[in-house]
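Residue numbers (my numbering): 1 to 579.
Set out below in structure tokens:
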């Protein structure tokens, strides 16, 4: 630690170790490490392409019914307004516990249905189960992601990229773990995503909370260290995914691969401990352990739910000044933000971009099947999409932050470029050639992943952090709406129509088969031409937001957060060195 005395020896023996341990667990960096792990388990929705085939086969669904389930998954995953509103009036630990319970209940019921341990549920019941399980990730997002952004406001783009990057990797991480624990059994994967993410939230439930922001000069350097660890993890998983396709792995080999993944996941813990040790030594109070406050300059101090409710009742009516909006970057009320032109434009771009991307992700398993790829290869597509989903999130988070800081490059413009890239991936599915699904999985995964941190960062920058818990969840409401229209009402029926044509050529009817399957390049052609066209329109729409916010992004959008952090640092210096 750069020659500094040990935080343990400087405070003396076992009591020093205990006080230092408490300092670490209650620190910002340990909270961030815990957030990484929770987000790494919060991407179960991206594995739908792996286990959807099991649901379709075991319950006898056609593609339209399966896409209906996919819509309710997307609905649950993206309608996070409830979690945001709950977070406004309750502590973070309560939000995480609700999410944990919902995750286990939803996916466990799906596992019971698919394995035949309960009577075959009605379609509406399965829709509720998958919506409930998927909605739990919003509670993880609200608890971990929103709190981390508030704890590190000056590097929010980087923070969002890292956290959403771990969520993007989640599918591939969970795949490696399930192969090690359960073998090549897609039904067991559903059981794993029922208990593991729930357990992570319970274990770290009290360590994630808002704290007073203190200026730290090397903060960005530490984030890059986290980035390097996550990149190595992603590359390792990608290599393992390729090897597992080329070579038959034993159970021991799968276990070894999963062990390495877990080791990489815990490397950020050592970085967090190092930073908390440096923070401890900077206090220079060996006989009087530092008092850890949990205030945040952008939010109120965490209080019991009743106290928060009382505080809310004293604030002006939410209907006051709806159309008298503050300057961009200041704290908007919820209704001021939702009724603003900027939010409506962002909503439309999100509808087009994320709606199309989610449709592609949900149908990836059936796309591979229709083009004649074996099951093992289809799982490789899903893992590739998950890994490049991660790279997209990391890229949009770190690169957009760097371009914004150095060149005042507006985030909405990067959003436009990402949507144009997405069009290419969608067209590769509409007009496939040998191996094109590998390329399209990479492009769609990257562009899908890149959109989320950009949307969340844009919302925080334009509308402030005061009501960010609710606003960032409201901002992604367009995603399930887009998924419903584009997946359930467009892609599913067009696929089924082509499948029925295939049956008619064979002289068969729908009642002749249990599972409606289409084979051939025509199965998804028209649907993905439509998706590419809609995404292109979304890119053009986002250009309007670029024009509207051009002057805002030319300014110093983080100035007030630097001023608040410096004021906090000065206040703590005075309190630690009284005259």
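Just so it is clear, CB atoms sit at the ideal spot from N, CA and C, and this is done for glycine as well.
Given the structure is predicted, the values throughout are model-derived calculations rather than measurements.
Spatial neighbours of residue 463 within its chain, please: C-beta separation below 7 Å, excluding the five flanking residues on both sides.
Excluding sequence neighbours, residue 463 sits near 332, 337, 471.
Measuring CA to CA, which of 493, 233, 535, 502 is closest to residue 65?
Sorting 493, 233, 535, 502 by C-alpha distance to the C-alpha of residue 65 places 493 at the top.
Jot down the residue ranges of each uninterrupted alpha helix (DSSP H) in the region 158–235, minimum 4 residues, whole runs only, in chain order.
186–203
How far does the alpha helix (DSSP H) with residue 70 in it reach, from first residue to last?
63–78
When you compare each of 360, 516, 140 to residue 534 by their alpha carbons, which one comes out closest?
360
Touching or not, the region 416–426 and the region 183–190, by the rule of three or more beta carbon pairs under 8 Å?
no
Inspect the beta-carbon positions of residue 194 and residue 71 and report whether they are closer than 8 Å.
no
Grouping DSSP H, G and I as helix and E and B as strand, with all else coil, what is residue 249?
coil
How many angstroms separate the CA atom of residue 270 from the CA atom of residue 386?
26 Å
State yes or no: is the C-beta of residue 148 within less than 8 Å of the C-beta of residue 32?
yes
Considering only the beta carbon of each residue, do residue 353 and residue 451 sit closer than 8 Å?
Contact: yes.
Would residue 426 pass as a contact of residue 486 if the rule is Cβ separation under 8 Å?
no
Taking a contact to mean a Cβ-Cβ separation below 8 Å, would you say residue 154 touches residue 558 in this structure?
yes
Determine the direct distance from the alpha carbon of residue 225 to that of residue 267, and round the result to whole angstroms.
Whole-angstrom Cα-Cα distance: 10 Å.
Using CA atoms only, rank isn't needed, just tell me which of 382, 272, 347, 218 is closest to residue 241.
382
Between 547, 44, 80, 48, which lies nearest to residue 345 when the distance is taken from Cα to Cα?
Comparing Cα positions, the closest option is 547.
Would you report the Cα separation of residue 502 and residue 136, rounded to the nearest angstrom?
Rounded to whole angstroms, the gap between the alpha carbons of residue 502 and residue 136 is 39 Å.
Can you list, in chain order, the residues of its chain whose CB lies under 8 Å from that of residue 403, leaving out five sequence neighbours each side?
Counting only Cβ-Cβ distances below 8 Å, and skipping sequence neighbours, we find 409, 414.
Does the distance from the C-beta atom of residue 144 to that of residue 208 stay below 8 Å?
Contact flag set, yes.
In whole angstroms, what separates the C-alpha of residue 218 from that of residue 394?
19 Å
Report the option in 115, 90, 120, 132 whose CA atom is closest to the CA atom of residue 105.
132
Return the CA-CA distance between residue 86 and residue 93, expressed in angstroms with no decimal places.
11 Å
Which full runs of the alpha helix (DSSP H) of 4+ residues lie inside the region 331–372, going along the chain?
Within the region 331–372, complete alpha helix (DSSP H) segments of at least 4 residues are found at 334–338, 341–362, 364–370, given in chain order.
Using only alpha-carbon positions, find the residue among 453, 467, 347 that is nearest to residue 477.
347
When the Cα atoms are used, what is the spatial distance from residue 512 to residue 500?
11 Å
Report the rounded CA-to-CA distance for residue 550 versus residue 399, giving the unit in angstroms.
Each residue's alpha carbon lies about 18 Å from the other.
Buried or exposed for residue 341, going by 16 or more other Cβ atoms inside 10 Å?
Here residue 341 is exposed. Its C-beta has fewer than 16 other C-beta atoms within 10 Å.
Could you check which residue in 468, 379, 358, 542 has the C-alpha nearest to that of residue 482?
Here the closest residue by C-alpha is 358.
Under three-state DSSP, which class holds residue 505?
helix
Should residue 506 be listed as close to the ligand ZN, given that the test is whether its C-beta is under 7 Å from any heavy atom?
Ligands in the displayed structure: none, and consequently the ligand ZN is not present.
With distances taken Cα to Cα, identify the nearest neighbour of residue 126 among 21, 55, 528, 461.
55
Assign residue 304 to one of three DSSP states: helix, strand, or coil.
Per-residue confidence for residue 304 stands at a pLDDT of 45, beneath the threshold of 50, marking its modelled position as unreliable; the derived number appears in the next sentence. Of the three classes helix, strand and coil, the one that applies to residue 304 here is coil, per DSSP.
Could you give the DSSP three-state label for residue 101: helix, strand or coil?
Residue 101 falls in the helix class under three-state DSSP.
Please tell me whether residue 157 and residue 349 are closer than 8 Å, where the distance is taken between their beta carbons.
Cβ atoms of residue 157 and residue 349: not closer than 8 Å.
Nearest to residue 112 by CA position, among 444, 101, 129, is which residue?
129
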